[in-house]
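Working notes for the structure below.
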Amino acid sequence: MIRLAILAPPALLLFLLLAMDSRPSPPSPRELLSRMTIEEKVGQLVQEAPAQAAGRLSTEEKRRVREGRVGSFLNWQDPMGMAEAQRLARKESRLGIPLLFAFDILHGFRTIFPIPLALAATWNPPLVEEVAGLSAWEGRSAGIHWTFAPMLDVCRDPRWGRIAEGPGEDPFLASELASAWVRGFQGDDLASRDRLAACPKHFVAYGAGEGGRDYAAVDLSLGKLLEVYLPPFTAAVHAGAASVMTAFPSVNGLPVAANPFLLRTLLRQKLDFRGVVVSDWNAVGELLVHGVAADAEDAARLAMKAGVDVDMASGLFAAKLPGLVRAGKVPEALLDQAVERVLALKAKLGLWSSPAEPQVPPWVDPLPATSRGLALRAAREGIVLLRNQREILPLSPRVRSIAVIGPLADDRRNALGPWPGIGREEDVVTVLEGIRSRAPAATRVLFAPGCSADDPSTAGFAGAARLAESADIVVAVVGEQARMSGEAASRADLGLPGRQEELVRALVETGRPVVAILSSGRPLALPWIAEHVPAVLAAWFLGVESGNAVADILFGLSSPVGRLPVTIPRAVGQIPIYYGHTNTGRPPGSGRDVSGYIDLPETPLFPFGYGLAYTRFAYRDIQVAPAVIGHGQSVEASVLLANTGPRAGAETVQLYLRDPAASLTRPIAELKGFQRVFLEPGEERRVRFSLPSEALAFVGPDGELRKEAGDFELRIGPSAASGLSASFRLENQRLPTPSPRGTP
Ligand code: NOJ
Numbered sequence: 002m003i004r005l006a007i008l009a010p011p012a013l014l015l016f017l018l019l020a021m022d023s024r025p026s027p028p029s030p031r032e033l034l035s036r037m038t039i040e041e042k043v044g045q046l047v048q049e050a051p052a053q054a055a056g057r058l059s060t061e062e063k064r065r066v067r068e069g070r071v072g073s074f075l076n077w078q079d080p081m082g083m084a085e086a087q088r089l090a091r092k093e094s095r096l097g098i099p100l101l102f103a104f105d106i107l108h109g110f111r112t113i114f115p116i117p118l119a120l121a122a123t124w125n126p127p128l129v130e131e132v133a134g135l136s137a138w139e140g141r142s143a144g145i146h147w148t149f150a151p152m153l154d155v156c157r158d159p160r161w162g163r164i165a166e167g168p169g170e171d172p173f174l175a176s177e178l179a180s181a182w183v184r185g186f187q188g189d190d191l192a193s194r195d196r197l198a199a200c201p202k203h204f205v206a207y208g209a210g211e212g213g214r215d216y217a218a219v220d221l222s223l224g225k226l227l228e229v230y231l232p233p234f235t236a237a238v239h240a241g242a243a244s245v246m247t248a249f250p251s252v253n254g255l256p257v258a259a260n261p262f263l264l265r266t267l268l269r270q271k272l273d274f275r276g277v278v279v280s281d282w283n284a285v286g287e288l289l290v291h292g293v294a295a296d297a298e299d300a301a302r303l304a305m306k307a308g309v310d311v312d313m314a315s316g317l318f319a320a321k322l323p324g325l326v327r328a329g330k331v332p333e334a335l336l337d338q339a340v341e342r343v344l345a346l347k348a349k350l351g352l353w354s355s356p357a358e359p360q361v362p363p364w365v366d367p368l369p370a371t372s373r374g375l376a377l378r379a380a381r382e383g384i385v386l387l388r389n390q391r392e393i394l395p396l397s398p399r400v401r402s403i404a405v406i407g408p409l410a411d412d413r414r415n416a417l418g419p420w421p422g423i424g425r426e427e428d429v430v431t432v433l434e435g436i437r438s439r440a441p442a443a444t445r446v447l448f449a450p451g452c453s454a455d456d457p458s459t460a461g462f463a464g465a466a467r468l469a470e471s472a473d474i475v476v477a478v479v480g481e482q483a484r485m486s487g488e489a490a491s492r493a494d495l496g497l498p499g500r501q502e503e504l505v506r507a508l509v510e511t512g513r514p515v516v517a518i519l520s521s522g523r524p525l526a527l528p529w530i531a532e533h534v535p536a537v538l539a540a541w542f543l544g545v546e547s548g549n550a551v552a553d554i555l556f557g558l559s560s561p562v563g564r565l566p567v568t569i570p571r572a573v574g575q576i577p578i579y580y581g582h583t584n585t586g587r588p589p590g591s592g593r594d595v596s597g598y599i600d601l602p603e604t605p606l607f608p609f610g611y612g613l614a615y616t617r618f619a620y621r622d623i624q625v626a627p628a629v630i631g632h633g634q635s636v637e638a639s640v641l642l643a644n645t646g647p648r649a650g651a652e653t654v655q656l657y658l659r660d661p662a663a664s665l666t667r668p669i670a671e672l673k674g675f676q677r678v679f680l681e682p683g684e685e686r687r688v689r690f691s692l693p694s695e696a697l698a699f700v701g702p703d704g705e706l707r708k709e710a711g712d713f714e715l716r717i718g719p720s721a722a723s724g725l726s727a728s729f730r731l732e733n734q735r736l737p738t739p740s741p742r743g744t745p
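For the sequence shown, the numbering used here assigns the number 2 to the initial residue and increments by one for each residue that follows.
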């Protein structure tokens with residue numbers, strides 16, 4: 002209700018009228034089905050993109066809506082056109098079944114938040130839930146019912162451009178975020194007018210494509226599929242996700258849209274998913290290109306039989322399913338099940354009880370302060386401080402002049418990232434603007450772009466260097482353009498595009514202290530910068546509040562809390578690189594012939610979980626009790642954490658597990674818990690975790706979870722690369738519950 006306070010009065014009236022609209026409840030899906038022709042049934046499974054995303058439907062499109070041959074539209078941005086189409090479906094089609102409107106709301110609809118990878122860097126699921134909640138409110142109030150989000154593809158290959166859209170490399174962190182996204186979008190009641198149906202995507206293992214190329218084939222062991230790529234989807238389904246989207250690639254030889262093992266055995270049976278399965282864009286049509294369907298009819302049959310309910314944009318369900326059903330090549334019962342699921346989703350969304358949608362989106366222009374406030378919080382928390390030599394950050398209030406240099410310093414478009422919804426460039430506060438507005442009044446802020454983000458000219462270097470020489474401190478804002486990540490935007494090189502690294506080198510050569518702000522949709526491999534630039538921030542694409550967030554961190558108005566959700570490599574040649582790898586028989590440090598490179602350390606530039614604060618933390622006295630647990634019991638682990646630095650700050654304390662001897666090789670570390678702890682200078686606190694025996698299970702060769710008795714190691718620390726260790730034992734039996742005095 003608080004949100005209503007910021008609605009414009011006419012829109013508020015419309016909103017309230019619609020909220021009070023009490024029509025008869027929807028017919029039951031079964032009852033409707035019994036009245037539908039085969040064409041009308043298939044129509045519910047057809048999702049179209051309007052020929053004009055920002056316009057009205059053509060006469061031909063309207064005819065299809067009237068005939069009940071379209072069930073949903075995607076990525077349509079004309080509220081009046083959508084309302085008109087809805088009226089046609091409700092009032093002029095034979096059965097009056099409402100349309101569903103879907104839209105990609107990946108990191109905001111109107112208010113653009115940091116990209117999902119940056120939101121993952123917050124390690125703050127409640128914050129992500131708030132972001133999803135606000136996005137749902139904005140989207141729903143513009144007539145959208147269904148978002149194709151969250152994107153939950155675990156990815157260990159930063160060449161893949163879509164790493165920007167996802168939760169990073171780790172299944173545990175991704176699962177925590179997955180539940181938060183779904184709760185935020187859906188709330189408790191999909192019919193409420195500030196919620197959206199979520200669509201976790203892309204099911205499954207899309208992030209494991211060969212060579213980091215988009216859409217590339219995935220070849221994967223069952224163990225990795227179930228332990229690394231499936232968990233966030235499991236979490237999203239358990240959180241009640243209303244739908245799931247299939248991934249484009251082939252997984253172990255069969256494209257997902259034609260893969261009954263993935264869609265029926267795993268998703269429907271193992272995860273007990275009851276919602277709608279939608280294909281990705283033209284994925285049914287691409288079954289021909291993959292080479293598993295001989296013709297269009299074959300493609301529609303394979304997809305339907307594999308478990309696709311809704312065909313996004315290929316048109317093959319519309320063209321071929323009625324004939325396939327009549328010929329008995331697709332059982333009508335299968336069609337009915339899919340249609341029933343779509344009708345059930347429409348009913349849950351309350352589309353029959355209030356079919357007309359508000360035509361004036363009730364968010365005001367400019368963005369409300371509450372929306373900006375949340376965007377600022379998310380942007381600040383997504384920034385990861387990678388390096389801070391001589392503690393040059395936060396900037397001293399005595400700094401008299403700052404040279405802000407770089408092609409992304411005053412750039413609006415790129416700050417919005419690769420999926421900017423209907424966000425507007427004019428809403429963006431650039432880094433230059435943020436620094437200008439946050440700098441002390443007496444501080445001069447100078448600016449030069451230095452070069453462009455991707456062209457070869459160095460003509461601006463000399464001017465930029467002169468500006469740098471005249472300033473107390475240099476802030477270099479460099480990185481990728483938004484179009485370099487996201488869909489079909491894989492890169493073979495993870496350096497700074499164009500001449501930007503040379504620009505940074507020229508700035509460092511001036512001898513002035515340099516702070517590098519790295520904007521990107523992926524981890525960038527920048528070893529020279531990591532070694533020579535005294536302060537480095539990973540700032541991803543932070544959305545509308547980019548500049549204010551960066552400036553708040555620079556001036557110490559906010560302390561950095563972000564942690565890497567993904568390993569940063571030294572070089573492309575190390576990929577895939579991730580913390581949870583297995584040990585091998587010859588790990589580094591075990592002798593002469595070890596698993597590594599002869600020309601590069603095998604360690605990352607920055608490990609998973611890493612991120613600095615403006616203070617220092619010390620870990621001591623790890624305790625684990627009881628020393629032996631049985632099935633169904635938990636081990637309690639704790640550590641003393643002290644703030645030993647000069648400022649207040651927050652540490653993200655991470656718990657990792659290792660099973661050093663099992664019947665299959667296990668990762669050298671698996672994240673099993675994390676907590677953000679805020680401490681004043683000098684303060685010390687015991688940080689506690691409880692790890693149930695279920696967390697010790699792993700996937701056996703049969704695909705089933707197993708728990709094996711034996712010793713386990715726990716590590717509690719600030720990243721995947723350091724911390725304090727202790728061990729405990731799991732016995733293969735139930736043990737008496739230990740007394741409370743046994744717990745640390
Ligand atoms: C293709 C993308 O893979 C998917 O993520 C998106 O939801 C659809 N297009 C619809 O825009």
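Heads up, the beta-carbon is just placed ideally off N, CA and C, and yes, glycines get one too.
{"query": "Identity of the residues DSSP links to ARG687 by a beta bridge", "result": "LEU641"}
{"query": "Bridge partners - PRO668, DSSP secondary structure assignment", "result": "THR583"}
{"query": "Proximity test, ASP281 beta-carbon vs the ligand NOJ heavy atom, cut-off 7 Å", "result": "yes"}
{"query": "Simplified DSSP state of ASP22, which is helix, strand or coil", "result": "Low per-residue confidence applies at ASP22: pLDDT is 42, beneath 50, and the placement is therefore not dependable, though the value from the model is reported in the following sentence. Here ASP22 sits in coil by DSSP."}
{"query": "LEU153 beta carbon near the ligand NOJ (any heavy atom closer than 7 Å)", "result": "no"}
{"query": "Of the residues LEU101, GLY162 and PRO668, the one placed nearest LEU197, counting alpha carbons only", "result": "LEU101"}
{"query": "Nearest-angstrom Cα separation, counted from GLY704 out to PRO421", "result": "39 Å"}
{"query": "Given 8 Å, three or more beta-carbon pairs between the stretch 327 to 336 and the stretch 66 to 81", "result": "no"}
{"query": "Residue range of the alpha helix (DSSP H) that includes ASN549", "result": "547 to 555"}
{"query": "Check: ASP337 C-beta below 7 Å from any heavy atom of the ligand NOJ", "result": "no"}
{"query": "Burial state of GLU532 (16 or more Cβ within 10 Å)", "result": "exposed"}
{"query": "CB contact below 8 Å: GLY499 versus chain C", "result": "In the structure shown, chain C does not exist; there is a single protein chain."}
{"query": "Local Cβ density within 10 Å of ASP220, reported as buried at 16 or more and exposed below that", "result": "exposed"}
{"query": "Residue range of the alpha helix (DSSP H) that includes PRO30", "result": "30 to 35"}
{"query": "Sequence-distant residues of its chain with Cβ nearer than 7 Å to PRO99 (five each side left out)", "result": "GLN87, ALA90, ARG91, LYS347, LEU352, TRP353 and PRO356"}
{"query": "Cβ neighbours of GLU503 in the same chain (closer than 7 Å, five flanking residues each side left out)", "result": "THR459"}
{"query": "Collapsed DSSP secondary structure at GLY674 in the structure displayed", "result": "strand"}
{"query": "Beta-carbon proximity of GLY308 to VAL285, cut-off 8 Å", "result": "no"}
{"query": "Rounded straight-line distance, which links the Cα of LYS349 to that of ASP189", "result": "11 Å"}
{"query": "Per DSSP, the bridge partner or partners of GLN624", "result": "SER639"}
{"query": "Any non-hydrogen atom of the ligand NOJ closer than 7 Å to HIS203 Cβ", "result": "yes"}
{"query": "Cβ neighbour criterion (16 or more within 10 Å) applied to ASP292", "result": "Before going further, note that residue 292 is Gly rather than Asp in the sequence given. GLY292 should be labelled exposed."}
{"query": "Buried versus exposed call for MET21 [16 or more other C-beta atoms within 10 Å across all chains shown]", "result": "Low per-residue confidence applies at MET21: pLDDT is 38, beneath 50, and the placement is therefore not dependable enough to give any value."}
{"query": "Expected contact under 8 Å - CB spacing of THR247 and PHE204 to nearest Å", "result": "6 Å"}
{"query": "Length at least 3, wholly inside the stretch 248 to 312: the beta strand (DSSP E) runs in chain order", "result": "277 to 279"}
{"query": "Check whether TRP1 and LEU153 have beta carbons under 8 Å apart", "result": "Within the shown structure, residues of the chain are numbered from 2 to 745, placing residue 1 beyond reach of any answer."}
{"query": "Three or more C-beta pairs below 8 Å linking the stretch 583 to 595 and the stretch 479 to 491", "result": "no"}
{"query": "Same chain only: Cβ atoms within 8 Å of ARG401, ignoring 5 sequence neighbours per side", "result": "ALA443, THR444, ARG445 and ASP473"}
{"query": "Sub-8 Å separation of ASP553 and ARG381 beta-carbons", "result": "yes"}
{"query": "Three-state secondary structure (DSSP) of ASP428", "result": "helix"}
{"query": "Cβ shell of PRO332 (< 6 Å), same chain only, five flanking positions each side left out", "result": "none"}
{"query": "For ALA531, the first and last residue of its enclosing alpha helix (DSSP H)", "result": "528 to 533"}
{"query": "Heavy atom of the ligand NOJ within 7 Å of ASP105 beta-carbon", "result": "yes"}
{"query": "Distance cut-off 7 Å: LEU288 Cβ against heavy atoms of the ligand NOJ", "result": "no"}
{"query": "Any non-hydrogen atom of the ligand NOJ within 7 Å of LEU75 CB", "result": "yes"}
{"query": "Environment of SER94 [buried if 16+ CB atoms lie within 10 Å]", "result": "buried"}
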